[in-house]
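Peer 1:
Protein chains: 2
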Amino acid sequence: MPNATLTIGEVASHAGVSVSAIRFYERRGLLPVPEREGGWRRYTPATVERLAVIETAKRAGFSLDEVGVLLAATDEGAPAHEQLRTLASRKLPEIEALIERAEAMRQWLLVARQCDCDELDVCALFDRG
Amino acid sequence: MPNATLTIGEVASHAGVSVSAIRFYERRGLLPVPEREGGWRRYTPATVERLAVIETAKRAGFSLDEVGVLLAATDEGAPAHEQLRTLASRKLPEIEALIERAEAMRQWLLVARQCDCDELDVCALFDRG
DNA sequence: GTGGGACCTGAACCTGAGTTGAGGTCAAGA
DNA sequence: TCTTGACCTCAACTCAGGTTCAGGTCCCAC
Numbered sequence: 218m219p220n221a222t223l224t225i226g227e228v229a230s231h232a233g234v235s236v237s238a239i240r241f242y243e244r245r246g247l248l249p250v251p252e253r254e255g256g257w258r259r260y261t262p263a264t265v266e267r268l269a270v271i272e273t274a275k276r277a278g279f280s281l282d283e284v285g286v287l288l289a290a291t292d293e294g295a296p297a298h299e300q301l302r303t304l305a306s307r308k309l310p311e312i313e314a315l316i317e318r319a320e321a322m323r324q325w326l327l328v329a330r331q332c333d334c335d336e337l338d339v340c341a342l343f344d345r346g
Numbered sequence: 218m219p220n221a222t223l224t225i226g227e228v229a230s231h232a233g234v235s236v237s238a239i240r241f242y243e244r245r246g247l248l249p250v251p252e253r254e255g256g257w258r259r260y261t262p263a264t265v266e267r268l269a270v271i272e273t274a275k276r277a278g279f280s281l282d283e284v285g286v287l288l289a290a291t292d293e294g295a296p297a298h299e300q301l302r303t304l305a306s307r308k309l310p311e312i313e314a315l316i317e318r319a320e321a322m323r324q325w326l327l328v329a330r331q332c333d334c335d336e337l338d339v340c341a342l343f344d345r346g
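Taken in order, these protein sequences are the chains called A and B.
According to our numbering, the residues represented by the first sequence are 218 to 346, in order.
According to our numbering, the residues represented by the second sequence are 218 to 346, in order.
#1: I think L326 of chain B touches A305 of chain A, with their Cβ atoms under 8 Å apart; what is that distance to the nearest whole Å?
#2: Is any beta-carbon of chain A found at less than 8 Å from that of G346 of chain B?
#3: In angstroms, rounded to a whole number, what distance separates the CA positions of D344 of chain A and K275 of chain B?
#4: Between which residues of its own chain and E283 of chain A is the CB-CB distance below 8 Å, once the five residues before and five after are set aside?
#5: On the DSSP letters alone, give me the boundaries of the alpha helix (DSSP H) that E252 of chain A sits inside.
#6: Apart from the five residues just before and just after L223 of chain A, which ones in its own chain have a Cβ nearer than 6 Å to its Cβ?
#7: Less than 8 Å between C-beta atoms, sequence neighbours within five positions excluded: which residues of the same chain meet that for A269 of chain A?
#8: Between the region 312–325 of chain B and the region 310–325 of chain A, do three or more beta carbon pairs fall short of 8 Å?
#9: By DSSP, does A268 of chain A sit in helix, in strand, or in coil?
#10: Kindly give me the distance between the Cβ atoms of D335 of chain A and P251 of chain B, rounded to whole angstroms, as I take these residues to be in contact under 8 Å.
#11: Measuring straight from C-alpha to C-alpha, what distance separates G255 of chain B and Q300 of chain A?
#12: Note the first and the last residue of the continuous alpha helix (DSSP H) segment covering R240 of chain B.
#13: So if DSSP puts W257 of chain B in a beta bridge, which residue, or which two residues, is it bridged to?
#14: I need the straight-line Cα distance from A329 of chain A to A238 of chain B, nearest angstrom please.
#15: By how many angstroms is the C-alpha of S235 of chain A removed from the C-alpha of G246 of chain A?
#16: Does chain B have any CB closer than 8 Å to the CB of D382 of chain A?
#17: Label V265 of chain A either buried or exposed according to how many other C-beta atoms from any shown protein chain fall within 10 Å of its C-beta, with 16 as the threshold for buried.
#18: Below 8 Å on the Cβ atoms is my contact criterion, and I expect E311 of chain B with G278 of chain B to pass it. Report the Cβ-Cβ distance as a whole number of Å.
#19: Taking only beta-carbon positions, decide if V228 of chain B is within less than 8 Å of chain A.
#20: Using a Cβ-Cβ distance under 8 Å, would G278 of chain A count as near chain B?
#21: Rounded to whole angstroms, what's the CA-CA distance from R240 of chain A to T291 of chain B? Just pull it up for me.
#22: Is there a Cβ from chain A that is less than 8 Å from the Cβ of I316 of chain B?
#23: I'd like to confirm the pairing. Which residues does DSSP put opposite L223 of chain A in its beta bridges?
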């Protein structure tokens with residue numbers, strides 16, 4: 218037994234990802250097509266690492282397409298930081314806009330929680346279309 | 218000419234909403250079924266107000282179903298603030314969780330913008346699955 | 001050798017908030 | 001009268017990120 222290999226279910230439970238998501242990522246090109254043994258996918262532990270990268274990038278707000286760009290570039294030997302910096306710089310204003318909108322929602326909700334109106338149409342909270 | 222009535226297109230442009238969205242809201246029960254003249258929907262200016270309520274509630278993070286609950290309750294004569302307070306209190310923790318996650322993304326992106334790694338699999342930014 | 005659990009494929013389905021398209025009708029101005 | 005633009009309905013489509021299902025295979029333990 219050369220390298221220990223993992224079934225898709227094992228990879229899934231180590232990475233905290235569903236089996237169907239792994240197959241989906243493979244279809245999307247985020248994971249390389251693995252070796253097979255008797256029809257079953259066999260993975261190396263590196264796949265668990267890669268899934269961690271994918272999950273982290275997703276949590277950072279990247280779409281799967283963007284994660285694909287990131288992974289593809291580094292697979293081609295380019296230093297990871299080039300794509301990462303580019304993507305991070307592009308994503309940052311999006312996230313900051315999201316935060317700003319969410320803060321505004323929060324303020325509105327805090328006021329709404331104290332609302333005493335009878336009718337929404339005349340409530341100052343709903344002014345300006 | 219009793220009350221000035223508006224076509225769907227006029228309502229749309231006053232409210233800053235698309236015509237298809239108005240028909241969609243009607244199907245979803247967020248807007249009352251309007252009178253017709255020769256097959257065309259005729260609206261009163263109150264519809265523009267109601268669309269403003271809907272848009273504001275959406276911006277506050279409410280789903281259309283939740284907006285429906287809000288509007289339906291006040292249509293039945295209940296004071297608006299009851300439903301509004303309830304919904305706002307329920308929504309607030311969701312928005313606060315969103316803000317927290319977004320702040321974490323932002324911090325991560327700020328660090329990622331400075332990343333110098335060659336390989337993502339060993340980058341500290343991607344540690345812990 | 002048989003039961004059952006993990007795996008395989010491909011296609012269909014899900015959510016949310018609408019948009020788009022086809023095919024038809026209505027109103028108003030030249 | 002004709003044209004044009006706004007309107008009508010209903011069904012199907014969009015996007016993301018998967019999940020679920022049906023029908024079939026594979027491995028392992030008993």
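All residues carry an ideal CB built from backbone N, CA and C; glycine is no exception.
Peer 2: Working from what's here:
#1: 5 Å
#2: Per-residue confidence for G346 of chain B stands at a pLDDT of 41, beneath the threshold of 50, marking its modelled position as unreliable; no derived number is given.
#3: 14 Å
#4: A274, L304 and K308
#5: Element bounds for E252 of chain A: not the alpha helix (DSSP H) but the beta strand (DSSP E), E252 to E254.
#6: Y260
#7: A232
#8: yes
#9: Before going on, a small fix: residue 268 of chain A reads as Leu here, not Ala. DSSP places L268 of chain A in helix when its eight states are reduced to three.
#10: In fact, because the Cβ distance is near 24 Å, the residues do not count as touching under 8 Å.
#11: 59 Å
#12: V236 to R245
#13: B:E254
#14: 25 Å
#15: 17 Å
#16: Nothing in the structure corresponds to residue 382 of chain A, since chain A is present only between 218 and 346.
#17: buried
#18: 7 Å
#19: no
#20: yes
#21: 48 Å
#22: yes
#23: A:Y260
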